[in-house]
Structure formats: C-alpha cells, structure tokens
C-alpha cells in the first residue's frame, strides 16, 4: 500500500513540475545593487516592468559609467534628491488643498493594497510627509489663517507650499478603485523617466568636476556594468482555468439523458432478496381504516 501512495505522489509531483516548466518564461531584468540608493533601484524596477528594460538601458549604462568616479555619499545624495525633487515638482495650484487625518487613512489603505515596489515605497514616503505636516506645531495656525484667506507668516507660507506639493499626489490615491495602482503608475512613469534622466545629468556634472579622478570612459556593453547588472529571470505564467458556464455544466447531463444507448445498471443481488427476508404475503396485510386519524391532516 505504501508503494502505491509513493508512486501516486511521484506522478503528481512530476506532473506539477512539468506543468510549471512548461508555463515558465525567461525575461531580462536590470538588477540594482546595494551601492545604489534603494529609491533608484525601485524606480528602475518599476520602469522596466512598465516600459521594458531596453528603453532605460542606455541611461542606466551612462549612470553606471559616471558613478565610478563618485563617492558613495555623492551617489546616494544625488540619487535621492533628484527622485524626491522630480516627484514633488509641480506647476499646478490647488486652492482647496488640505492634508488631514483622512489623507493619512487613505494612504494607509492604499499601502496595504499596493503590489508594485516603487508605488508602495512612494506611498510610504507620502505618508511620512503627511504625518510630518500634521505633527508640525504651526499646522493649526496654518489651517486657521488658510481658512481666513490670508497667510502672513513665512513659516505658514512654507507649509502651504508643502501641502500643495503633497496634495498633488494624495488627490490621486483612491484605494477603493480596483485599478488605483495602475492609475498612479500611469502618472508616475513620465516623472520616473525625468528622475532617471536628471540623475544621469547630475552624475555627469559631478563626474566632470571631479579633479582627482579622470573622466570615466562610457561603457559600451551591458557586460561592463558595475553598479547594475542584467539578469535572466524565470517568470511563471499564471494559468487561469476557464470559467464554466451554465451550458457547460448542463450539456453533459442533457447528453446523458438523451442518449438512447445508455446502459442501465442491473439490480445487484444482495442478501435482502433471500427467501427468509422476503416480504409477507400481500393478502395477509391488514386493510387501512376509513376513519384513520392521519387522513384528517389532508
């Protein structure tokens, strides 16, 4: 018996492996490293998932080249600053912009549902900015003066500028929408591309002004990458079983019912048909009473 179960297990297990291998595909991905800011690594991952690695590879190769003559401190500082600066840059004005407890609640709900690494990081950064504003000692004064239609103090004008920058993104977050993440990404992608190009330009300027190091030679092949790398990653396609319709369920039943060649099962010969267990003679059974009580129920 044990052998039988082992054979069944092997067959099922091997069929599952074969099914997974059959559904697996290899895709090329740009991998970041710990020598680059986390924000930049997540940005690259989000971009290549959306538009493909080919479109950003030339920029990545230039960034990788310039970074070779920069200190780690400069790499992290420039990378982070350019990403934050580009994300918060806006020419839009929101007269009724407000950041309150409801803003943080919406963002927290969105963080729980977000799957994209960069979107999740971005929402977490947005939440920190909102909580920092709400915790400011001047925020109550800002709300009072804002409601009165005038902001006199410089500190309050700075707060209003922050509110404007943050509200631009908070207003786009709607965790109740099933495609809220894709909507955010559609707005983020152009901004992320700008961030990547700004990092490339800033790295170039820093590398050009470095006196102690010779200006780096631009790499010509992905194989020369130092801070990034190209990897072949196995991706498994999710196979969704077809949804059965009512017709799919009823067809086999109706076909069986309409079949003229259907073979009916023969009665099984069980012990109950033995002579000793045969029913009594029907003639000897008592006749039902005409005034039986149970008839009154009808």
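In the numbering used here, the protein residues as written are 7 to 304.
Even glycine gets a Cβ: it sits at the ideal position worked out from N, Cα and C.
Because the structure is a prediction, the values reported are computed rather than measured.
Annotation: the segment 62-86 contains the following complete segments of the alpha helix (DSSP H) (minimum length 4 residues), in chain order: 63-72. One thing to note: residue 52 has its Cβ no nearer than 9 Å to the Cβ of residue 169. In this chain, the alpha helix (DSSP H) harbouring residue 112 covers 107-119.
Pairwise C-beta distances place the segment 176-195 in contact with the segment 103-117, as three or more of them are shorter than 8 Å. For the set 75, 60 and 86, the Cα lying nearest the Cα of residue 49 is the one of 86. Using a Cβ distance threshold of 9 Å, residue 239 and residue 35 count as a contacting pair. In the three-state reduction of the DSSP assignment, residue 237 falls in the strand class. Note on geometry: alpha-carbon atoms of residue 144 and residue 158 lie some 13 Å from one another.
A Cβ-Cβ distance of about 4 Å is found for the pair residue 173 and residue 103, placing them in contact under the 8 Å criterion. Here residue 70 really is in contact with residue 233; their C-beta atoms are around 5 Å apart, less than 8 Å.
Note: residue 35 is bridge-paired with 237 in the DSSP secondary-structure output.
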